[in-house]
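**Student:** Got a structure for you, written out below as structure tokens; questions coming shortly.
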Amino acid sequence: MLLRTLLMLPGLAPGPYITAPDSLELVRETWVMGTRLVISVERDSTGAEVDASEAVLENIQEVEKLLSTWDPASELSRLNSSEVNQDVMPTSDVAKWLSRASELVDRTEGAFDVSIGALINAWDLRADGRRPSAVELARAREASGSRAISIDRVTGRVTRHDPQAWIDAGAFGKGVALQEVANYLKESHLKIFVDLGGQLWLSPASATRTINVAHPGDRERSTHRMLLPPGHSVATSGYSEKGVRVEGERLGHILDPRTGRPSATWGSVSVVSDDPIEADALATALYVMGPKTGPLWAESHGDVAALFLIETPSGVRAEWTTSMEPLVIPAQEQKQNRINP
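First residue of the sequence shown: 839, per this note's numbering; consecutive thereafter.
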């Protein structure tokens, strides 16, 4: 086991760390995009590990500056406060990311959507939570989706059509950050592993890694293992990540954009892709689709590598798509099966 002696790295706040000089890899830990970031770089003879880890951090911080909806000065926040029916032309990066998100909205038939800010407000998911009235929910649904915010995928132009409408980057922001890291390091010879709030990315020069998949209801306990190939990312969506309790009932943080209501709590979905944005968005969409429709949708789209952990009265049942099959490490004592379309 690698013994990590954590040392503060000067000049990079808040809280980056590295391992002891004699360890086999440099590990930096910090907090960014409202979540924990861990960067592991295997040491080599070039001594480029510190620069590489700093580049990873800086790329993620730059995405946060652009997409944070907690920072009123971010580009996305300014877009979200633009005048109704006023066309806004984002910078090229933000336009590219929003266009990609819009494509995924169409691909998933609305199970993934970024224009759900009004619904987040209606359920007060960023604070203590509340149950909106039928009238409030109907109004929030009117202020959500493409009818409330249009994204021109050709020009990048964004237009708000409702004063309550705003774009939330929560279901694709980590994917964007890791995609930017991947773009920056695509020619790197270094072996780099990044964990951004549970979404993982492995550099192309790395060896395949075995990773644990957490129990859907307890992130501290793993129930399955899988392989993460070089140059790929894995994102997981489930009910254990966040949530609020309202009137004695626990409400998950993942909203179904099609109904305007929190998705049912049933398990988790992990998606592996060489496109971190796709992994992030599809994990959310497949969770929203649920334990019956989600697996069938994923299998019918043959290139989707997805693992579903479904809670049942007798334990956790695992199902996976054909594309995921080479990556799953089965255990005989676990209930599991490949999805049959």
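Where is the CB? At the ideal position from N, CA and C, for every residue including glycine.
Model, not experiment: these values are computed from the prediction.
Leaving out five residues before and five after Arg991 in sequence, what residues of the same chain have Cβ atoms less than 6 Å from its Cβ?
**Tutor:** Closer than 6 Å at the Cβ level, and outside the excluded window around Arg991, lie Ser937, Ser940.
**Student:** Whose C-alpha, out of Gln924, Thr1074, Gly1036, is nearest the C-alpha of Thr873?
**Tutor:** Cα-wise, what sits closest to Thr873 is Gly1036.
**Student:** Among Gly1076, Met1127, Lys1012, Arg995, whose alpha-carbon lies nearest the alpha-carbon of Asp1056?
**Tutor:** Among Gly1076, Met1127, Lys1012, Arg995, the Cα nearest to that of Asp1056 belongs to Gly1076.
**Student:** Considering only the alpha carbon of each residue, which of Gly1132, Lys1130, Ser1138, Leu1065 lies closest to Pro1164?
**Tutor:** That would be Leu1065, whose Cα lies nearest to the Cα of Pro1164.
**Student:** Just to confirm my understanding: we take Leu1147, look at its own chain, exclude 5 residues before and 5 after, and list those with CB closer than 6 Å. What are they?
**Tutor:** Correct list, in chain order: Pro1054, Gly1105, Ser1106, Val1154, Ala1156.
**Student:** Examine the Cβ distances between the stretch 1045-1052 and the stretch 1122-1140 and report whether three or more of them are shorter than 8 Å.
**Tutor:** Counting Cβ pairs under 8 Å, fewer than three are found: no touch.
**Student:** Within the continuous beta strand (DSSP E) that includes Ala1052, where are the two ends?
**Tutor:** Note, Ala1052: beta strand (DSSP E), 1047-1053.
**Student:** Which parts of the stretch 921-968 are runs of the beta strand (DSSP E), unbroken and 3 residues or longer, counting only runs that do not cross its ends?
**Tutor:** None, since the stretch 921-968 contains no complete beta strand (DSSP E) of that length.
**Student:** Taking the alpha helix (DSSP H) that Ser1108 falls in, what are its first and last residues?
**Tutor:** Not the alpha helix (DSSP H): Ser1108 falls in the beta strand (DSSP E), residues 1105-1111.
**Student:** Measure the Cβ-Cβ separation of Lys1029 and Glu913 and say whether it is below 8 Å.
**Tutor:** Their beta carbons are not under 8 Å apart, which means Lys1029 does not touch Glu913 by this criterion.
**Student:** Just tell me which of Arg1099, Val865, Asp1118, Ile1092 has its CA closest to the CA of Glu887.
**Tutor:** Among Arg1099, Val865, Asp1118, Ile1092, the Cα nearest to that of Glu887 is on Val865.
**Student:** Evaluate the contact criterion for the stretch 1003-1016 versus the stretch 948-958: three or more CB pairs, one atom per stretch, below 8 Å.
**Tutor:** Yes, they touch.
**Student:** Please list, in chain order, all residues of the same chain as Ser982 whose beta carbon is under 6 Å from its beta carbon, the five residues on each side excluded.
**Tutor:** Excluding residues within five positions, the ones whose Cβ falls inside 6 Å are Ser953, Ile954, Ala956, Leu957.
**Student:** Per DSSP, His1062 is paired with what?
**Tutor:** Paired residues: Val1051.
**Student:** If the criterion is Cβ atoms closer than 8 Å, does the pair Val894 and Val1072 meet it?
**Tutor:** Result no, Cβ atoms of Val894 and Val1072 do not sit closer than 8 Å.
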